[in-house]
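Student:
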Amino acid sequence: MTGTFAPDQPALRSWLPGFLALAAIWGSSFLFIKVGVAELHPLHLTLYRVGAGALTLLVVLAVLRDRLPRDPRVWGHLTVIAAFGVALPFTLFGYGEQRVESMLAGIWNATAPLVVLPLAVLVFRTERLTARGAIGLTLGFTGVMVVLGVWQGVGGTHFVGQLMCFAAAACYGLAIPYQKKFIAGSALSGLSLSAAQLIAAVVQLAIVAPVVAGAPPLPTALSPRVLAAVLALGALGTGLAFVIHLRNIRIVGATTASTVTYLVPVFAVLIGTVVLNERLTWHQPVGALIVLLGVAVSQGLLGRPRRRVAPGVGAPTAPVVEPAAP
-13 MTGTFAPDQP ALRSWLPGFL ALAAIWGSSF LFIKVGVAEL HPLHLTLYRV
37 GAGALTLLVV LAVLRDRLPR DPRVWGHLTV IAAFGVALPF TLFGYGEQRV
87 ESMLAGIWNA TAPLVVLPLA VLVFRTERLT ARGAIGLTLG FTGVMVVLGV
137 WQGVGGTHFV GQLMCFAAAA CYGLAIPYQK KFIAGSALSG LSLSAAQLIA
187 AVVQLAIVAP VVAGAPPLPT ALSPRVLAAV LALGALGTGL AFVIHLRNIR
237 IVGATTASTV TYLVPVFAVL IGTVVLNERL TWHQPVGALI VLLGVAVSQG
287 LLGRPRRRVA PGVGAPTAPV VEPAAP
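The following block contains the structure:
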């Protein structure tokens, strides 16, 4: 037995509570978005939540004595990632949830890996398309059609809202392979890269939001309910959740930690049902299960078990920060 492979699994108690907490935090984000867009324009909501998230991570950076990137090329790449991995998808989910249920937005978030694979293969050339991947994509997009209920016809506000949520997930599909190609392997920490990414997004939103939606309202003009939702989205869902995710990666490795994506829509549906009394049509959860099956197949999670690599062994110094939820 060499030092490359770890014979023992980490104790569940060392990572499962954080894993479940992360799924609950990201799953509840769709509820907070629904509450926020009741009073705020989606661009203003995104600006405030990203600003709160950036401030949270800057505090964590200061406590850990970490630093932001200094290389202009890194900032250039992070600006692209900030646009497609933060500003655009967060705003599109806000627009979408003006038209659809929060739990349905959570389901659409799970489709992001279906967009990652074809872009990684065809555009960034960081992956190869295998038969398993092709089967997974076919299953996944079949599930998308089922969620949309295309046999009922297309059109209407609800359908447009679903397309906006799918477009948000598609933005993640562009940001993730871009980040893998240009940022993975950086000597900077994932925390540093994520904080810089949020700062770049704040700058972008501060320029675009006033032009499109006018000057954002003062926080004092918001109701306590909406203000709490914004703070939860920013400080908790966009800031501290990332710290939890990094801890999970260190303990169980990136592959296991990334499976939190499968639990996020489950929590989104449960929270939307209990708190907002939302209801889904039968074909939406059925389609969601088909989507998750397709994602699992395309990522090889249903094949033969592979030997587990010890967390951190052979991994880049800075883990790729993959968006998992808005």
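By the count of my numbering, the sequence shown reaches residue 312 at its end, each step adding exactly one.
We treat Cβ as the ideally placed atom computed from N, Cα and C, and that holds for glycine.
#1: Which one of 23, 210, 233 and 281 has the shortest CA to CA distance from residue 248?
#2: Would you report the Cα separation of residue 185 and residue 93, rounded to the nearest angstrom?
#3: Return the chain-ordered list of same chain residues with a C-beta closer than 8 Å to the C-beta of residue 145, the five sequence neighbours on each side being excluded.
#4: Using the beta-carbon count (16 or more within 10 Å), is residue -3 buried or exposed?
#5: Apart from the five residues on each side of it in sequence, which residues of its chain come closer than 6 Å, Cβ to Cβ, to residue 122?
#6: Using CA coordinates, which residue listed in 177, 181, 260 and 130 is at the minimum distance from residue 236?
#7: Taking the continuous alpha helix (DSSP H) assigned at residue 190, which residues delimit it?
#8: Leaving out five residues before and five after residue 273 in sequence, what residues of the same chain have Cβ atoms less than 6 Å from its Cβ?
#9: Taking the alpha-carbon positions, what's the residue 115 to residue 207 distance?
#10: Leaving out the 5 sequence neighbours to the left and right, which residues in its chain are closer than 6 Å to residue 232 when beta-carbon positions are compared?
#11: I'd like the span of the alpha helix (DSSP H) that includes residue 1, first residue to last.
#12: Does DSSP put residue 97 in a helix, a strand or coil?
#13: If you run the structure through DSSP and keep just helix, strand and coil, what is residue 110?
#14: Using a threshold of 7 Å, state whether the C-beta atoms of residue 277 and residue 126 are closer than that.
#15: Where does the unbroken alpha helix (DSSP H) through residue 277 begin, and where does it stop?
#16: Going by beta carbon distance, what residues of the same chain come within less than 6 Å of residue 150, once the five residues before and after it are set aside?
#17: Contact check, residue 212 vs residue 22 under 8 Å by CB: the rounded distance?
#18: Apply the 10 Å Cβ neighbour rule to residue 48 and answer buried if 16 or more other Cβ atoms are within range, or exposed otherwise.
#19: Could you pull the start and end residues of the alpha helix (DSSP H) that residue 58 belongs to?
#20: Can you tell me whether residue 339 is helix, strand or coil according to DSSP?
#21: Excluding the 5 residues flanking residue 111 on each side, which residues of the same chain have their C-beta closer than 7 Å to its C-beta?
#22: Terminal residues of the continuous alpha helix (DSSP H) containing residue 234?
#23: Would you please state the rounded distance, in angstroms, between the beta carbons of residue 4 and residue 224? I believe it to be under 8 Å.
#24: With a CB to CB cut of under 8 Å and the five nearest residues on each side skipped, what residues in its chain are close to residue 230?
#25: If we count the other Cβ atoms within 10 Å of its Cβ and call it buried at 16 or more, is residue 299 buried or exposed?
#26: Can you tell which of -1, 16 and 1 has its C-alpha closest to the C-alpha of residue 262?
#27: Short of 7 Å in beta carbon distance, which residues of its chain neighbour residue -11, apart from the five on each side in sequence? Order them along the chain.
#28: Nearer than 6 Å: is that true of the beta carbon of residue 165 relative to any heavy atom of the ligand PLP?
Tutor: Let's see:
#1: 281
#2: 28 Å
#3: 134
#4: exposed
#5: 280, 283 and 284
#6: 177
#7: 176 to 199
#8: 129, 132 and 133
#9: 51 Å
#10: 176
#11: -2 to 22
#12: coil
#13: coil
#14: yes
#15: 269 to 284
#16: 78, 81 and 82
#17: 6 Å
#18: exposed
#19: 58 to 68
#20: Because the chain spans -13 through 312 in this model, residue 339 falls outside it and cannot be assessed.
#21: none
#22: 227 to 238
#23: In fact, because the Cβ distance is near 17 Å, the residues do not count as touching under 8 Å.
#24: 4, 7, 8 and 11
#25: In this prediction, residue 299 has a pLDDT of 31, which is less than 50 and means its spatial position is unreliable; what the coordinates show is noted afterwards. The residue in question, residue 299, is exposed, as its Cβ has fewer than 16 Cβ neighbours within 10 Å.
#26: 16
#27: Residue placement at residue -11 is flagged as unreliable, the pLDDT there being 43, under the threshold of 50; the coordinate-derived value follows with that caveat. Excluding positions up to five away in sequence, the list is empty.
#28: For the structure depicted, the ligand PLP is absent and the ligand set is empty, with no information on it obtainable.
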